[in-house]
């Protein structure tokens with residue numbers, strides 16, 4: 071099967087790129103929450119003199135025109151329309167891994183031949199590095215422990231007791247409750263176990279692991295990772311701050327007065343939940359900016375706002391299809407972020423000193439919410455069932471009163487800590503320099 075090359079790079083141009091110096095090949099998982107930080111990493115490494123090639127699937131592919139200095143190589147993913155539309159993420163990821171394995175190996179073999187043309191001594195395999203974009207990864211590498219406890223099971227897991235998924239009990243040796251474990255709804259639980267096992271094994275076989283987190287956020291977890299993984303670990307977050315900063319734009323509302331509401335690029339709600347969300351925002355009496363992604367309300371293309379909503383929120387509420395999140399969070403009017411707790415959103419909110427109202431949906435979001443509310447204490451948690459009274463109470467807790475003031479002060483200090491990590495001599499800065507040294511040593 072032919073390899074597509076959207077930017078039509080010629081063979082001579084490719085050969086010159088390999089001659090010019092160190093060339094990095096990055097292959098992001100084809101989901102927006104993974105593509106964004108991978109492109110931020112690529113931009114950072116390109117600024118340090120590396121040539122960048124991005125391998126990507128046809129599904130949810132990045133736009134090469136946004137990154138004119140990178141070389142893009144598409145590989146066929148063989149996904150059907152039904153597969154790309156599925157809500158079973160585990161099944162989709164499994165299909166991508168299976169379908170892309172051979173095309174990826176073929177493309178890498180072609181690239182490796184280019185290396186051998188100019189560097190006959192370079193006959194050792196290219197050394198892979200794992201790039202991890204989620205936090206609280208104690209769950210990630212403790213897969214064997216979780217299976218042994220009956221929490222993560224396949225048909226081949228032999229346990230006599232499985233703890234209740236809503237249990238408040240803490241996991242032995244881990245700073246999370248059973249109810250905080252990543253929720254994975256799938257018709258193929260065995261595939262999930264196999265996927266996690268393969269991910270853990272691949273990380274252990276890597277030359278290093280790059281983490282989109284920092285010491286000041288997850289010091290204890292990173293210490294355990296270093297203990298269990300005998301390879302270099304580079305926590306270099308926050309990646310988005312290497313190429314952007316606060317907007318410093320003028321304020322249209324009072325400082326720290328507006329609630330920003332966005333549930334990311336994947337999460338969906340039903341019509342009833344959309345109505346409860348709308349009425350909760352209306353009844354909170356707080357100014358808000360609500361991003362409703364087209365298709366994010368199941369069964370309709372756009373949210374159907376309840377009667378009286380517009381009149382009740384006129385002058386203090388705005389509903390939009392999209393907003394530039396980094397710029398929004400940096401705006402002085404934004405005083406709170408009602409978020410699904412995806413890791414990118416969590417990092418961005420911390421970096422701008424914006425307290426969070428945490429409503430986690432699935433995957434690592436549950437663990438991230440626990441980190442934000444119970445360990446860092448820079449946000450408040452809302453029950454998973456969307457109900458207007460609960461929403462109103464959650465927003466008021468976040469925005470007004472003594473608890474709000476305490477959370478706001480803590481996240482202000484945490485923002486300063488993260489900024490310190492990025493300065494020369496800080497932990498993220500030192501990790502980045504060590505990573506560059508490692509890459510240059512190949």
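In my numbering, the protein residues as written are 71 to 512. Ideal Cβ placement from N, Cα and C applies to all residues, glycine included.
How long is the line joining the alpha carbons of residue i and residue j, rounded to whole angstroms?
| i | j | result |
| --- | --- | --- |
| residue 326 | residue 469 | 8 Å |
| residue 179 | residue 126 | 16 Å |
| residue 459 | residue 367 | 20 Å |
| residue 159 | residue 491 | 34 Å |
| residue 113 | residue 313 | 8 Å |
| residue 99 | residue 405 | 32 Å |
| residue 503 | residue 510 | 11 Å |
| residue 276 | residue 300 | 10 Å |
| residue 411 | residue 92 | 36 Å |
| residue 514 | residue 155 | Only positions 71 to 512 of the chain appear in the structure, and residue 514 is not among them; the question remains open. |
| residue 153 | residue 168 | 13 Å |
| residue 421 | residue 475 | 18 Å |
| residue 493 | residue 106 | 23 Å |
| residue 505 | residue 346 | 47 Å |
| residue 165 | residue 272 | 18 Å |
| residue 450 | residue 431 | 15 Å |
| residue 324 | residue 334 | 26 Å |
| residue 141 | residue 101 | 20 Å |
| residue 388 | residue 288 | 35 Å |
| residue 495 | residue 293 | 19 Å |
| residue 128 | residue 471 | 49 Å |
| residue 250 | residue 182 | 43 Å |
| residue 189 | residue 512 | Since pLDDT at residue 189 reaches only 40, below the 50 mark, its modelled position is unreliable, and the value read off the structure follows with that caveat. Answer to the nearest angstrom: the Cα atoms are 12 Å apart. |
| residue 522 | residue 385 | Since the displayed the chain opens at 71 and closes at 512, residue 522 lies outside it and no answer follows. |
| residue 268 | residue 170 | 15 Å |
| residue 467 | residue 452 | 10 Å |
| residue 434 | residue 280 | 18 Å |
Between residue i and chain B, is there a C-beta pair that is closer than 7 Å?
| i | result |
| --- | --- |
| residue 153 | No chain B appears in this structure, which consists of one protein chain only. |
From which residue to which residue does the beta strand (DSSP E) around residue i run?
| i | result |
| --- | --- |
| residue 428 | 426-428 |
| residue 513 | Past the edges of the chain, shown from 71 to 512, lies residue 513, and the structure says nothing about it. |
| residue 145 | 141-145 |
| residue 359 | 358-361 |
| residue 51 | One cannot answer for residue 51 here, as it falls past the ends of the chain, which runs 71 to 512. |
| residue 132 | Neither: residue 132 is in no beta strand (DSSP E) and is coded neither H nor E. |
| residue 388 | 387-390 |
| residue 305 | 303-305 |
State the CB to CB distance for the pair residue i and residue j, rounded to an integer number of angstroms; the pair is presumed to be in contact (CB under 8 Å).
| i | j | result |
| --- | --- | --- |
| residue 413 | residue 282 | 7 Å |
| residue 371 | residue 378 | Residue 371 to residue 378, Cβ: 23 Å. No contact. |
| residue 353 | residue 457 | So it is not a contact: roughly 11 Å between Cβ atoms. |
| residue 399 | residue 374 | Their Cβ separation, rounded to whole angstroms, is 28 Å, which puts residue 399 and residue 374 out of contact at 8 Å. |
| residue 146 | residue 173 | 5 Å |
| residue 501 | residue 304 | 4 Å |
| residue 508 | residue 302 | 6 Å |
| residue 308 | residue 488 | 6 Å |
| residue 149 | residue 122 | At roughly 25 Å, the Cβ-Cβ gap does not stay under 8 Å, so residue 149 and residue 122 are not in contact. |
Could you pull the DSSP bridge partners for residue i from this structure?
| i | result |
| --- | --- |
| residue 367 | 339 |
| residue 401 | None, per the DSSP bridge assignment. |
| residue 259 | Residue 259 is not bridged to any residue. |
| residue 408 | 331, 427 |
| residue 119 | None; residue 119 has no bridge partner. |
| residue 127 | 145 |
| residue 182 | According to DSSP, which records beta bridges pairwise, residue 182 is partnered with nothing at all. |
| residue 350 | None; residue 350 has no bridge partner. |
| residue 394 | None; residue 394 has no bridge partner. |
Can you give me the start and stop residues for the alpha helix (DSSP H) that residue i sits inside?
| i | result |
| --- | --- |
| residue 281 | Note, residue 281: premise wrong, no alpha helix (DSSP H); beta strand (DSSP E) at 278-281. |
| residue 379 | 379-383 |
| residue 488 | 472-492 |
| residue 419 | 413-421 |
| residue 464 | 458-469 |
| residue 442 | Taken as a continuous stretch (DSSP letters only), residue 442 belongs to no alpha helix (DSSP H), as it is neither H nor E. |
| residue 503 | 497-510 |
| residue 295 | 285-298 |
| residue 324 | Premise fails: residue 324 is in no alpha helix (DSSP H) and is neither H nor E. |
| residue 155 | 151-155 |
If distances are taken between C-alpha atoms only, which option among the options comes closest to residue i?
| i | options | result |
| --- | --- | --- |
| residue 473 | 488, 448, 452, 496 | 448 |
| residue 484 | 148, 286, 121 | 286 |
| residue 381 | 397, 291, 349 | 349 |
| residue 445 | 357, 171, 481 | 481 |
| residue 527 | 450, 427, 417, 362 | As displayed, the chain neither begins before 71 nor continues past 512, which places residue 527 out of reach and without an answer. |
| residue 110 | 118, 310, 431, 290 | 310 |
| residue 429 | 421, 440, 296 | 440 |
| residue 94 | 102, 148, 117 | 117 |
| residue 247 | 123, 437, 261 | 437 |
| residue 157 | 177, 136, 258 | 258 |
| residue 465 | 386, 403, 356, 433 | 356 |
| residue 425 | 397, 163, 477 | 477 |
| residue 390 | 331, 122, 266 | 331 |
| residue 115 | 139, 103, 131 | 139 |
| residue 274 | 395, 329, 297 | 297 |
So is the beta-carbon of residue i under 6 Å away from any non-hydrogen atom of the ligand ATP?
| i | result |
| --- | --- |
| residue 112 | In the structure shown, the ligand ATP is absent, as is every other ligand, since no ligand is present at all. |
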